[in-house]
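Engineer:
Number of protein chains: 4
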Amino acid sequence: MLRIALLGAGRVGRVHARSISANPGAALALVVDPLEDAARSLGDEHGAPWSPDPEDAFGDASIDAVVIGTPTNTHIDMLRRAVAAGKRVLLEKPIDLDLARVDAVWAEIAPRAPFVMVGFNRRFDPSFREIRERVASGEVGTLRALRITSRDPEPPPAAYLAVSGGMFKDMTIHDFDMARFQLGEIAEVSALASDNGLDAFREAGDHAQAVITLRAASGALAVIVNSRSCAYGYDQRLEAFGDAGSLEAGNWTATTVRASGPARTEASGPVLHFFLERYLPAFRAELDAFVEAARADREPPVGFADGRAALALAEAAAESVASGRAVAVP
Amino acid sequence: MLRIALLGAGRVGRVHARSISANPGAALALVVDPLEDAARSLGDEHGAPWSPDPEDAFGDASIDAVVIGTPTNTHIDMLRRAVAAGKRVLLEKPIDLDLARVDAVWAEIAPRAPFVMVGFNRRFDPSFREIRERVASGEVGTLRALRITSRDPEPPPAAYLAVSGGMFKDMTIHDFDMARFQLGEIAEVSALASDNGLDAFREAGDHAQAVITLRAASGALAVIVNSRSCAYGYDQRLEAFGDAGSLEAGNWTATTVRASGPARTEASGPVLHFFLERYLPAFRAELDAFVEAARADREPPVGFADGRAALALAEAAAESVASGRAVAVP
Amino acid sequence: MLRIALLGAGRVGRVHARSISANPGAALALVVDPLEDAARSLGDEHGAPWSPDPEDAFGDASIDAVVIGTPTNTHIDMLRRAVAAGKRVLLEKPIDLDLARVDAVWAEIAPRAPFVMVGFNRRFDPSFREIRERVASGEVGTLRALRITSRDPEPPPAAYLAVSGGMFKDMTIHDFDMARFQLGEIAEVSALASDNGLDAFREAGDHAQAVITLRAASGALAVIVNSRSCAYGYDQRLEAFGDAGSLEAGNWTATTVRASGPARTEASGPVLHFFLERYLPAFRAELDAFVEAARADREPPVGFADGRAALALAEAAAESVASGRAVAVP
Amino acid sequence: MLRIALLGAGRVGRVHARSISANPGAALALVVDPLEDAARSLGDEHGAPWSPDPEDAFGDASIDAVVIGTPTNTHIDMLRRAVAAGKRVLLEKPIDLDLARVDAVWAEIAPRAPFVMVGFNRRFDPSFREIRERVASGEVGTLRALRITSRDPEPPPAAYLAVSGGMFKDMTIHDFDMARFQLGEIAEVSALASDNGLDAFREAGDHAQAVITLRAASGALAVIVNSRSCAYGYDQRLEAFGDAGSLEAGNWTATTVRASGPARTEASGPVLHFFLERYLPAFRAELDAFVEAARADREPPVGFADGRAALALAEAAAESVASGRAVAVP
């Protein structure tokens, strides 16, 4: 049994709490949040104790692992303390908003050979995973091109925009990781972006949409089409195109019902609205993979280096937008 | 060059005229219709002479063949005279509304071994044809069940209902032929029908919808789902289900555009509205098959016996509705 | 908290156990199965006691309700004893294989006004439910026709065939209930069936496939297309066709991946294989509805009369096959 | 009646010949090709005279218009002579491979206010046209992003690669025009390309695939995904994404048949193989639009300036690939 403390009782924390409860090899040992009501309520829901102080997790020798779902600007502190306390870690993305800080914390903790898994849940999405496996099996021949469509249903509130680190580090980071998951290392990044003339994005110096083109070390190309809003829901699609064919993952709807009438036929309902619905099975599978690797003392399936690499791509994309040049990834 | 006289310048006659003009081995030699304006206008459009009198076709030795697209109650007279004049014949369905008359005319003309093709254009639809060929190739294993969906966009006018011979002989006859085309001979028919409580159908003693179940001599079952109206257009689908899989033909839309918005996703436009649009390629291919067989002196690809068999199924279905019994087909 | 004893630790029992554990208002109080290993193993998995004797459920005053998932031939005995003990009951379908016995037990227990819900889980399928709600909202106008496609992936073993009660009572009974769920009461049944020339079915006097046509009291028609085997998985579809349009529920696949290559495009994976996968959410929602109604002291959402009506339709269908006549439903 | 001389009896010339014959307001007055066999054969097929010498077209006062479907390196000479002779012109794309030469010929012929239509047939594709009209009607709100997928089934032969002018001018030029058709003027181009490590492309200094990102003057972004080969046929899709929803045009298959079996479900046939099949209705509609505008003395629906603009985008894309910079379009 892996005894897990959950740090952060917000939206994503609640998802993790449910996944922990559902995993027969894991137990939710503690819920930590400085907002005591949130910690208590989530703990009660799962029959787990709670605390406002993460030290109650780090200092408890009976706790094997922590899931860090706190605000991004606390990630590095939590990570450092968790590793120092010998805990296994599942850390929400992004590791941090600054690549230099990420490298610094790694230099510090690496000597301990820590078990740190980064929360790129989409790697555990059954459709994206099936594509990777079928590509690996040779079904589409040499993989030449990847296309990722990734559009949020609604822009975040202005207050969040201000601290999000920008679209590339906050949202596209999932897509950068997906590109690496499907294609391996990325060599070059080129991006165009737009604020769509909207004040909220302009004032935050951020983007309402972007097209990011990548060249993988393998020579394959990838394109990511991003938007911060999408009228028909959470648009999450992927195409892997190779010499012998292609594989495409489409969107999910809540039911299979299709309507036909005088004006239109075979109309499906809107796609699942946002990540809590769309990627719920992926979050569950991610937590299961974390528990399994932690209990078996194996490498985490998504390592710290993966979190760092996605952040480096986000910085390269931002530099490409600023300079108008394709940027080599070091 | 096969010189063809077209008898009947109505809706289906105009379709045939265009097919004849487009066939490089055929020539439209004469357009005949007692409505002189209709005959003249269609003849002019195709640079062909016209006449109100079918005798101008039968008596013209330079004319090789006639296409009979006149009202159903004239079919037998036209057919008898055309065969007597030694013409090859493409006859629109149904041959007649009365099986006894059909058998009588055949007894009369059979000694001449006439070339008579019956206009079941759907046999030439590329999708239905592909299904038949793939079934024949063994792709779905033993064929066990056939499902035909056949719904007209709008009911015919009351005046037409009165002379149509009823839904089974007027509309379902195409589906009976399709069942034979895909399954071979039919041994048993059972049908339920409804006038949907609508005066127009009740007064005509006719049906607004029906479900007809067939048992083929092979043992396979088939079901035909019919409706005289359909809000989303002309619903024409077919499923062939066998031990090793199934093949389904869906509806056609005018373009491939699909719309997504807040209330629905991947909505296609309405399906093609009626038979002139939906089966235009089938009518063209039918005429081409007629010309090819006639010129090569081969058997017509859809014979008189096929026209008779579909009519016999229509009579059996009507008897099943009346008696509440499954009816054996003689 | 509704304390539930589960009678039957077989395939469907295990599904119910999981649903009970997941429902926050219910507790699995006891697992009963004469096969002690099965009872113990399922009980242990959910941290619940177990027993080989149903009397341990009926005689325990702390138990509020029982879920009866035992073999069909024990249903009536279990039901009688559960009701006598004052338990609320969720009873798997069919109630029994004999309509007379069903009526007899009801005459006996009715005076107690028992809470008996019958396990037609498909009523809780999100897609079928959505169709019913949208039809009720008037979206397709007057409902005229229903089409149910229901094909099992593989035939049951011969040993099961011998005791199944026949396809209509074992398999189609779900579809009969679905027809009533969507259309209301059924007035007339007509059916054709075939053993497909297979020994297993012929020897059991049973069917490999059938087409059943229904006329609802409302005048609408319905057709059920059944097969005991289906190469591409568990084919479960439904179409509701009305004056203003149609609603169709399609099959589920495990992922949204579609493959394209030289021979075919947009090929999806096989459909979910059988009822444990396909209807898992429906089983869960069914149990939740049972718990909710039982705790609120409301009518069960699927009553004993629904179980009886579906059985009456199965008997009528069998009579139609035998007599070749459409059969009125009393 | 618009009397048209066709210059060039190759693949695209034969398509135009058929369109001219089918247009009731046009007549094929002459077929010209230095390959006398090709000219004769095509002329005979349509009952038109033929000649090896274009002067027979330019010098014939009874000829109103010419369709120029000769090799690209003869376009400017043919255009200059046709305009000098007062003919209306439909000119296949690209106008020429060199923007300076294009500007020079225009400076020369512009004073005559010539009627020159450029053959971007895809503007006449029913699906792409429907998208433009529905976007214009406001259906998707402000148009923010366009996605064009354009993949040829097979790479051209090496001999053609050497004279094609490169992928951008030969193939992408259609997509550049489509971007302008849907979005209006383009302000900025950025492109990544790859030869996929294939000798044929490397030796020609050309690309096997590319991703081209555009920023429209309106602020919208567009991305073009190109490949010189595609295992599943001619992949031609388009997505218009706006604030209120999206419109997508998919691929065409020859029939609507979908197959299901143990390994896959709803598999369609391969998409239409290449432009002669896929865009046949578009070529027909293009010729009809040319005839209609020429006869009505209206502006051609696709002008010389459109041909020039697409070429300018191709040059900008090539410059972006070479420099690694986003390139402003003058």
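Chains A, B, C and D are the protein sequences, given in the same order.
Position 195 of the first sequence, counted from 1, bears residue number 195 in this note's numbering, the numbering being contiguous throughout.
Position 148 of the second sequence, counted from 1, bears residue number 478 in this note's numbering, the numbering being contiguous throughout.
Position 295 of the third sequence, counted from 1, bears residue number 955 in this note's numbering, the numbering being contiguous throughout.
Position 164 of the fourth sequence, counted from 1, bears residue number 1154 in this note's numbering, the numbering being contiguous throughout.
Backbone N, C-alpha and C fix where the C-beta goes; we use that ideal spot for every residue, glycine too.
Please read these numbers as outputs of a predicted model, since none were measured by experiment.
Would you please state the rounded distance, in angstroms, between the beta carbons of A369 of chain B and R333 of chain B? I believe it to be under 8 Å.
Structural biologist: No, A369 of chain B and R333 of chain B are not in contact; Cβ-Cβ is about 17 Å, not under 8 Å.
Engineer: Between the Cα of A1038 of chain D and the Cα atoms of D:V1106, D:H1065, D:A999, D:T1245, which residue gives the shortest distance?
Structural biologist: D:A999
Engineer: Give the interface partners of Y1222 of chain D over in chain C, defined as CB-CB distance under 7 Å, in chain order.
Structural biologist: S920, G921, P922, T925
Engineer: Once the 5 residues before and after G471 of chain B are set aside, which same chain residues still bring their CB inside 8 Å of it?
Structural biologist: G572, D573, A574, G575
Engineer: Please work out which residues of its chain come closer than 8 Å, Cβ to Cβ, to L143 of chain A, disregarding the five sequence neighbours upstream and downstream, and give them in chain order.
Structural biologist: V135, Q182, L183, S218, A220, A240, F241, G242
Engineer: So, does the region 478–496 of chain B touch the region 675–684 of chain C, judging by three or more C-beta pairs under 8 Å?
Structural biologist: no
Engineer: How long is the line joining the alpha carbons of T586 of chain B and V726 of chain C, rounded to whole angstroms?
Structural biologist: 53 Å
Engineer: Which residues in chain B have a C-beta closer than 7 Å to the C-beta of T873 of chain C? List them in chain order.
Structural biologist: L522, V541, T543
Engineer: Does chain B have any CB closer than 9 Å to the CB of A1244 of chain D?
Structural biologist: yes
Engineer: Relative to the C-alpha of V785 of chain C, which candidate in C:E946, C:D957, C:V776, C:A864 has its C-alpha closest?
Structural biologist: Before going on, a small fix: residue 785 of chain C reads as Asp here, not Val. Checking every option, the nearest Cα to that of D785 of chain C belongs to C:E946.
Engineer: Can you give me the start and stop residues for the beta strand (DSSP E) that D235 of chain A sits inside?
Structural biologist: Here the beta strand (DSSP E) through D235 of chain A covers 235–242.
Engineer: From the DSSP output, read off the bridge partner residues of L1321 of chain D.
Structural biologist: Nothing about residue 1321 of chain D can be read from this structure; chain D reaches only from 991 to 1320.
Engineer: Is the Cβ-Cβ distance between G261 of chain A and A593 of chain B less than 9 Å?
Structural biologist: no
Engineer: Extract the residue ranges of the beta strand (DSSP E) inside the region 671–705 of chain C, only unbroken runs of 3 or more that lie entirely within it.
Structural biologist: Runs of the beta strand (DSSP E) lying entirely within the region 671–705 of chain C, each at least 3 residues long, are 686–692 in chain order.
Engineer: I'd like to check one pair, R510 of chain B with A619 of chain B: are the Cβ atoms closer than 9 Å?
Structural biologist: No, the pair does not count as a contact, with Cβ atoms beyond the cut-off.
Engineer: To the nearest whole angstrom, what separates the beta carbons of T1255 of chain D and T213 of chain A, a pair I think is in contact under 8 Å?
Structural biologist: With 8 Å as the limit, T1255 of chain D and T213 of chain A do not qualify as a contact, their Cβ atoms being about 34 Å apart.
Engineer: Do I173 of chain A and A314 of chain A have their C-beta atoms closer together than 9 Å?
Structural biologist: yes
Engineer: My understanding is that V1319 of chain D touches E1309 of chain D, with C-beta atoms under 8 Å, so please give their C-beta distance in whole angstroms.
Structural biologist: The Cβ separation is near 10 Å, so there is no contact.
Engineer: Straight-line CA distance for L420 of chain B to A538 of chain B?
Structural biologist: 30 Å
Engineer: Within the 9 Å Cβ cut-off, does V601 of chain B reach chain A?
Structural biologist: yes
Engineer: Hey, V885 of chain C and R477 of chain B are a contact pair by Cβ (cut 8 Å); roughly how many whole angstroms apart?
Structural biologist: Between the beta-carbon of V885 of chain C and that of R477 of chain B there is about 6 Å, and that keeps the pair under the 8 Å contact cut.
Engineer: Less than 8 Å between the CB atoms is what I'm expecting for A689 of chain C and R944 of chain C, so what's the real figure, rounded?
Structural biologist: Between R944 of chain C and A689 of chain C the Cβ distance is about 19 Å, and since that is not below 8 Å, they are no contact.
Engineer: Which partner residues of A5 of chain A appear in the DSSP bridge assignment?
Structural biologist: For A5 of chain A, which the question treats as bridged, DSSP gives the partners A:L30, A:V66.
Engineer: Please classify G43 of chain A as buried or exposed, where buried requires at least 16 other C-beta atoms within 10 Å of its C-beta.
Structural biologist: buried
Engineer: Excluding sequence positions up to five away, which residues of its chain have a Cβ less than 6 Å from the Cβ of K1077 of chain D?
Structural biologist: Excluding sequence neighbours, K1077 of chain D sits near A1055, V1056.
Engineer: Going by C-alpha to C-alpha distance, which of D:L1266, D:S1219, D:V1292 sits closest to G1003 of chain D?
Structural biologist: G1003 of chain D has its Cα closest to that of D:L1266, out of D:L1266, D:S1219, D:V1292.
Engineer: Whose CA, out of D:N1063, D:A1244, D:E1282, lies closest to the CA of S457 of chain B?
Structural biologist: S457 of chain B has its Cα closest to that of D:A1244, out of D:N1063, D:A1244, D:E1282.
Engineer: I want to verify the contact list: residues of chain C whose CB lies under 8 Å from the CB of G245 of chain A, in sequence order.
Structural biologist: A919, S920, G921, P922
Engineer: Identify the continuous beta strand (DSSP E) that holds L852 of chain C and give its terminal residues.
Structural biologist: 846–854
Engineer: Using a Cβ-Cβ cutoff of 7 Å, what residues of the region 120–131 of chain A are near chain C? List them in chain order.
Structural biologist: P126, S127, E130, I131
Engineer: Using the Cα positions of I1099 of chain D and N581 of chain B, report the straight-line distance between them to the nearest angstrom.
Structural biologist: 50 Å
Engineer: At least one CB of chain D closer than 9 Å to the CB of T70 of chain A: is that the case?
Structural biologist: At a cut-off of 9 Å, the C-beta of T70 of chain A has no neighbouring C-beta in chain D.
Engineer: For N581 of chain B, would you say it is in contact with chain A, using Cβ-to-Cβ distances shorter than 9 Å as the test?
Structural biologist: yes
Engineer: Could you work out which residue in C:V692, C:R968, C:V778 is closest to G719 of chain C when comparing CA atoms only?
Structural biologist: C:V692
Engineer: Put N226 of chain A into one of helix, strand or coil per three-state DSSP.
Structural biologist: In this structure, DSSP gives N226 of chain A an extended state, which the three-state scheme calls strand.
Engineer: Assign M827 of chain C to buried or exposed, taking buried as 16 or more other Cβ atoms, counted over all protein chains shown, within 10 Å of its Cβ.
Structural biologist: buried
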